[in-house]
Every structure is written in structure tokens, then in C-alpha cells.
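Numbering (full-length UniProt numbering), first residue to last: 1 to 299.
From the three backbone atoms N, C-alpha and C, an ideal C-beta is built for every residue, glycine too.
Notes to accompany the following structure.
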Amino acid sequence: MGLLTLLFAGTASIYSFKYFILKDIVTKLKQWSKSAESLGQSLTVQFVLTETLHSETVVRDNQVKEKIMPISVHVPKHLKPFNDDEFGHYLAGLIDGDGHFSSNLELIIKFHLLDASLAYYVKQRIGFGSVKKVKDKNVLVLIIRAKKGVEKVLNLINGKNRRENNHVPLNLNQDLQNHWLAGFSDAVASFHIKVRECSMAPEVVLSYKIHKKLNMDLLLLIKDYLGGFYKDNTYCTMSYGSAKKVINYLDNFHLLSGSKHINFLKWRKAYLIVQNKDHLNQEGVNKILKLKRTSLQRW
């Protein structure tokens with residue numbers, strides 16, 4: 001309505017001229033939309049462009065291309081949270097992602113079957129609870145019923161949760177330099193590798209997605225930290241600038257899900273292949289496709 005109002009405002013003498021301008025704009029938008037859909041990018045193109053322009057860019061062959069920023073080739077030694085404060089941030093993220101307190105004040109956290117070792121690690125670290133498989137599903141649940149166990153969890157996550165919880169105060173601090181996002185990612189995030197055939201050179205898209213409906217405050221917090229966009233209850237990053245931020249974070253605050261950590265390392269390796277420009281030859285493309293093919297599927 002705003003566009004129509006602006007285009008049709010004014011005297012009748014220029015009405016016809018503005019009509020043809022509008023018609024031309026609509027025709028071009030339709031052509032652009034069809035082209036984007038054929039590439040599987042419908043409606044996300046504008047978000048990708050917005051995200052990319054926040055990173056360093058270069059112009060080559062009359063096209064805007066993102067300049068990839070280097071990461072270390074060395075993968076840090078995998079470490080778990082060292083003390084209760086670090087583990088509390090991780091546990092708060094895990095619960096914010098796929099856990100809740102029942103009306104009986106029982107803590108229930110869901111895990112994929114691939115993450116059985118993580119479920120038992122959390123149980124062992126807390127010192128309470130039982131792990132059970134959900135019938136006919138690839139899901140495990142950690143249930144903590146004992147009052148002392150629930151009290152211990154509440155003490156661990158006190159002031160660290162970022163989603164609404166009636167039992168502990170929210171963490172309103174904007175600092176994400178802790179294990180919270182690692183726990184949250186272990187619960188509801190995923191890593192994706194995509195190779196698109198383009199006329200000039202193959203395009204490798206590395207996306208990090210969070211499959212969770214987020215409130216606006218939490219969405220803006222993560223978006224300000226990593227970049228990206230939010231659509232259809234899924235948060236997503238697709239630029240190399242955001243991928244570098246994800247890698248830098250997870251190089252410092254490690255995923256504890258074995259399957260997620262493996263997928264992250266493959267995703268990270270794909271980034272290095274692009275960083276070294278090896279994706280510009282067929283051997284490099286084949287390596288990336290193999291990383292994609294051998295990633296552990298959860299969805």
C-alpha cells in the first residue's frame with residue numbers, strides 16, 4: 001500500500017507515466033522471483049545479501065563476492081566445561097533448547113539417540129536422574145525427579161537461562177562469551193553444506209541453523225552476535241563472515257554432542273577448503289561433497 005500511495009500520488013497529468021513505472025517494476029520483480037525460485041533461494045536472497053554486506057566484500061566480474069576471512073587450520077583440543085559455572089551456562093543453554101520443568105518440578109531434557117553419551121555425561125555431572133528411550137522414536141530423555149537433584153540444577157543454572165522460566169531468573173546480560181550457546185546449539189542447532197553449480201565457479205554455502213521458535217530479545221541477541229536472519233521459526237546464517245564467527249565461538253566453547261561436534265568439524269573443514277580456494281577445482285569440490293555426504297543426519 002505504501003508503494004502504491006507513493007507511485008500514484010500527484011496530479012492526473014503524470015498518472016499514466018507513473019503507472020508504466022509501476023508496471024515495469026512489477027514485471028522485473030516477477031522475473032527476479034522466478035529466477036530465485038529456480039535456484040532454490042526464493043525469499044532468502046534478500047536476507048543473504050543483507051548478511052553478506054556486513055562482511056568484507058570484493059567486486060569481481062561485475063558481481064559482488066564476499067571475501068572469506070581466514071581461520072586457523074589447527075583444531076583446538078576438545079574440552080568439556082571445567083567448573084560448575086561453565087557447566088551451568090552449558091546446562092542452561094541445553095535446557096533452553098530442549099528441556100523443561102514439569103508441573104511436578106521434574107526436569108526433563110530430550111536428546112537424540114545419537115547423543116546417548118551426552119545424556120549420560122549430563123546425568124553423571126549432575127549426580128542425579130535416569131535416562132530412558134522414548135518408544136518408537138530416536139529420542140532419549142533425562143529425567144530428574146529427586147528434590148536434591150532439581151535443587152542442584154536450579155543452583156547451577158541460576159541467572160544463566162535466556163528463555164522464560166518460572167523457577168530461575170533470566171540472564172539479561174548481553175555477553176555470549178560463555179558455554180550457553182554451545183549447550184543451546186547441542187540441543188537445537190545444525191550445520192549444513194551446499195554446493196551450487198554457477199557459471200563462473202562452484203558456490204559453497206555453509207549454513208548454521210537453529211530449529212527453535214525464539215522470542216525477539218533472544219533472536220536479536222544471537223543475530224547481533226553471529227549475523228544471519230530468521231524465517232519460518234528457523235534462525236540461519238549463510239555468509240562466510242557469520243560462519244567465521246560460529247567457528248571462532250565453537251573453537252573456544254566446545255560442543256559436547258558427539259554427532260554435532262563431528263558435523264561441525266566437517267563444516268569447519270569445508271570452510272578451510274574454500275579459504276584455500278581449493279573449491280575452484282573438481283578435487284576440492286569432491287572433498288566438500290564427501291564432507292556433506294558423510295555428515296551425520298538427524299533431521
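{"Asked": "First and last residue of the uninterrupted alpha helix (DSSP H) at Leu142", "Found": "Leu142 -> not in any alpha helix (DSSP H); beta strand (DSSP E) instead, spanning Val139 to Ile144."}
{"Asked": "Val274, DSSP secondary structure in three states", "Found": "helix"}
{"Asked": "Delimiting residues of the alpha helix (DSSP H) encompassing Ala187", "Found": "Trp180 to Val188"}
{"Asked": "Same chain, Cβ closer than 7 Å to Leu289, five either side skipped, listed in chain order", "Found": "Val195"}
{"Asked": "Nonlocal neighbours in the same chain, by C-beta distance under 7 Å from Asn138, ignoring five residues either side", "Found": "His112 and Leu113"}
{"Asked": "Three or more C-beta pairs below 8 Å linking the segment 215-225 and the segment 67-81", "Found": "no"}
{"Asked": "Val285 - DSSP class collapsed to helix/strand/coil", "Found": "helix"}
{"Asked": "Per-residue DSSP class, three states only, for Leu256", "Found": "coil"}
{"Asked": "Gly149 (DSSP reduced to helix, strand or coil)", "Found": "helix"}
{"Asked": "Cross-strand partners of Cys236 (DSSP beta bridge)", "Found": "Lys209 and Phe229"}
{"Asked": "Nearest-angstrom Cα separation, counted from Gln174 out to Gly241", "Found": "21 Å"}
{"Asked": "Residue span of the beta strand (DSSP E) that contains Leu107, given as start and end", "Found": "Leu107 to His112"}
{"Asked": "Residue environment, His89, which counts as buried when at least 16 other CB atoms sit within 10 Å", "Found": "buried"}
{"Asked": "Phe101 - containing beta strand (DSSP E), residue span", "Found": "Gly99 to Phe101"}
{"Asked": "Beta strand (DSSP E) segment containing Val73, residue limits", "Found": "Careful: Val73 lies outside any beta strand (DSSP E) and carries neither H nor E."}
{"Asked": "Backbone secondary structure at Ile193 - three-state DSSP", "Found": "strand"}
{"Asked": "Rounded distance between the beta-carbons of Lys133 and Leu140, thought under 8 Å", "Found": "6 Å"}
{"Asked": "Residues near Pro70 in its chain [Cβ-Cβ closer than 7 Å; skip 5 each side]", "Found": "Gln275"}
{"Asked": "Meets three-Cβ-pair contact criterion under 8 Å: the segment 255-273 and the segment 183-191", "Found": "yes"}
{"Asked": "Span of the alpha helix (DSSP H) around Ser117", "Found": "Ala116 to Ile126"}
{"Asked": "Candidates Phe101, Arg145, Gly149 and Gly284, of which the one nearest His163 by Cα", "Found": "Here residue 163 is Arg; the residue named in the question, His, does not match the sequence. Of Phe101, Arg145, Gly149 and Gly284, the residue nearest in Cα terms is Phe101."}
{"Asked": "Cβ neighbour criterion (16 or more within 10 Å) applied to residue 325", "Found": "The structure shown has nothing for residue 325, since the chain only spans 1 to 299."}
{"Asked": "Rounded C-alpha distance that separates Lys160 from Asn281", "Found": "46 Å"}
{"Asked": "Buried/exposed call for Asp136, threshold 16 Cβ in 10 Å", "Found": "exposed"}
{"Asked": "Of the listed residues Val131, Tyr235, Pro202 and Leu170, nearest to Lys287 (C-alpha basis)", "Found": "Pro202"}
{"Asked": "Under the three-state DSSP convention, the category Ser295 falls into", "Found": "coil"}
{"Asked": "Residues near Ala119 in its chain [Cβ-Cβ closer than 6 Å; skip 5 each side]", "Found": "Phe111, Val131, Leu140 and Leu142"}
{"Asked": "Chain C within 9 Å of Lys269, Cβ atoms only", "Found": "No chain C appears in the structure shown, which is made up of a single protein chain."}
{"Asked": "Host beta strand (DSSP E) of Lys135 (start-end)", "Found": "Taken as a continuous stretch (DSSP letters only), Lys135 belongs to no beta strand (DSSP E), as it is neither H nor E."}
{"Asked": "Supposed close pair Ile108, Gly99 - CB separation, criterion 8 Å", "Found": "6 Å"}
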